[in-house]
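Take the sequence shown: its position 165, counting from 1, is numbered 203 in the working numbering, and each next residue is one higher. Please read the structure below before turning to the comments.
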Amino acid sequence: MPPANGADRREQIIAAALELFQENGFATVSTRDLAEHAGLSRSHVYHYFPDWKTLRREAFERFMAAQIAETESIHAGLAAPKALKSFFRHYLPKENDHDWAMWMGAWVESLREPELAASFHQGTGHWEGMLEKIIRQGIGDGEWTCAHPARAARQLLALLNGYSDNMLLRADATASAQPLQEIMEVARLLLPPPGKD
Numbered sequence: 039m040p041p042a043n044g045a046d047r048r049e050q051i052i053a054a055a056l057e058l059f060q061e062n063g064f065a066t067v068s069t070r071d072l073a074e075h076a077g078l079s080r081s082h083v084y085h086y087f088p089d090w091k092t093l094r095r096e097a098f099e100r101f102m103a104a105q106i107a108e109t110e111s112i113h114a115g116l117a118a119p120k121a122l123k124s125f126f127r128h129y130l131p132k133e134n135d136h137d138w139a140m141w142m143g144a145w146v147e148s149l150r151e152p153e154l155a156a157s158f159h160q161g162t163g164h165w166e167g168m169l170e171k172i173i174r175q176g177i178g179d180g181e182w183t184c185a186h187p188a189r190a191a192r193q194l195l196a197l198l199n200g201y202s203d204n205m206l207l208r209a210d211a212t213a214s215a216q217p218l219q220e221i222m223e224v225a226r227l228l229l230p231p232p233g234k235d
């Protein structure tokens, strides 16, 4: 097998980092852990990334982009009411949700790392943008009314995050039926059908 080129090696390192972050937590993995997992030396890792913060940020950005693309594909082509519910259902955590643990770990580390915080905020903007697009689709299709779609998207995402935080701390995180029902209740208040004040 020919030796990996630089781009391939960077991909190998990022993939190995993501595996470890999702398995062990974003803040607990060390360069030594990553080097052993990837079958490389620590100096090899730093040959492709200037420092640990850069590597973690790039890995998180890759993870975030994949999460956003997956969510977009799940509700693409659905009518707005179904797309909204699908978005909510997909966003809420599942039992032993390593993806959500990754988001939470990155959020904590963002408090100390401005560059990571900027990436995290960019990701939040993508989630808000997806919700706003669904809301505008529903307005255009006559499903509901909303004077401020961007604000409604921010409010609904904040609500989702609050419920998600609580679900992650409970042993029965699979019991998402009640949170989903309550989130839909709020969505109906924010997005009333035409003709309702």
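Heads up, the beta-carbon is just placed ideally off N, CA and C, and yes, glycines get one too.
By the criterion of a C-beta distance shorter than 6 Å, N204 is surrounded by no residue of its chain, once the five residues flanking it on both sides are discounted. Rounded to whole angstroms, the gap between the alpha carbons of E166 and T183 is 18 Å. Taking all protein chains in view, the Cβ of V146 is surrounded by fewer than 16 other Cβ atoms within 10 Å, so the residue is classified as exposed.
Just so you know, the alpha carbons of R80 and F64 end up roughly 18 Å apart.
A Cβ-Cβ contact shorter than 7 Å links A144 with F158. Annotated three-state conformation of L78 is coil, per DSSP. The beta carbon of R95 lies closer than 7 Å to those of E153, L154, S157 in the same chain, with the five residues before and after it left out.
By the C-beta criterion, the stretch 186-204 is judged to be in contact with the stretch 215-232, since at least 3 inter-stretch pairs fall below 8 Å.
Spanning the alpha carbons of R174 and L93 requires a straight line of approximately 37 Å. Under the DSSP assignment, T92 falls in the alpha helix (DSSP H) whose first and last residues are 90-113. In its chain, beyond the 5 residues on either side, H128 have a beta carbon closer than 6 Å to the beta carbon of T109. The alpha-carbon separation between A114 and A121 amounts to approximately 7 Å.
D137 is the residue among D137, R70, E151, H82 whose C-alpha sits nearest the C-alpha of I106. The three-state secondary structure of D137, taken from DSSP, is helix. Contact between L58 and V67 holds: their C-beta atoms lie close to 5 Å from each other, under 8 Å. Contact check for I51 against V83 passes: the beta carbons are separated by less than 7 Å.
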